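When we follow my numbering, the leftmost residue of the sequence shown carries the number 152, and every step to the right adds one. Below: the structure, in structure tokens.
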Amino acid sequence: MDKNIQDIAYQLCAEFIQAVCHKNFKQLHLKFGISQAVWDEIQEDVLHYYFDQNIPKLTISNENFEVFQYYQGGYGIEAKLETTLNDETVKWADLTLSAELIEKENSTFQFAYRLIEVM
């Protein structure tokens, strides 16, 4: 797998998860095309997992991040999420982000969210 594609996929996933953690619907909508209905579903899935109205600081695991090619110019992404409980402790969140990275004509990429699921 091309390291550049891996890096782009990781960066976009990190930006997406950061927007989710900050409950930044505007960024999710403008940058990632997330509709209100999909945003409501994301919040329901993540908040249901944590049983309260606070989304912890989630990050993408470096060890459990996979990009694989579906077809020419199309890549699947599976990223295990982790959360920092304090400055020293990292806990697996048992959540996985699934997305797609689609290469466009001018060598840019479009991130397409698929789901966040409990694994």
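By construction, the Cβ of each residue, glycine as well, lies at the ideal position given by its N, Cα and C atoms. Bear in mind the structure is a predicted one, so any value in this text is a computation, not a measurement.
Asked	Found
Drop a sphere of 10 angstroms on the beta-carbon of Y264, count the other beta-carbons inside from all chains shown, and report buried for 16 or more, exposed for fewer.	buried
Tell me, to the nearest whole angstrom, how far the beta carbon of S212 is from that of L232; I am working on the premise that it is less than 8 Å.	7 Å
Our contact map puts F260 next to L248 with C-beta atoms below 8 Å; I'd like the distance itself, whole angstroms only.	16 Å between Cβ atoms; not a contact.
Rounded to the nearest angstrom, what separates I228 and Q187 at their Cα positions?	23 Å
Would A139 and Y226 qualify as a contact pair, given that the criterion is a beta-carbon distance under 8 Å?	Any answer about residue 139 is impossible in this case: the structure gives the chain only from 152 up to 270.
Can you check which of these residues, E256, K154 and T210, is closest to I267 by C-alpha distance?	T210
What does the alpha-carbon distance come out to for the pair K174 and F262?	18 Å
According to DSSP, is K231 part of a helix, a strand, or is it coil?	strand
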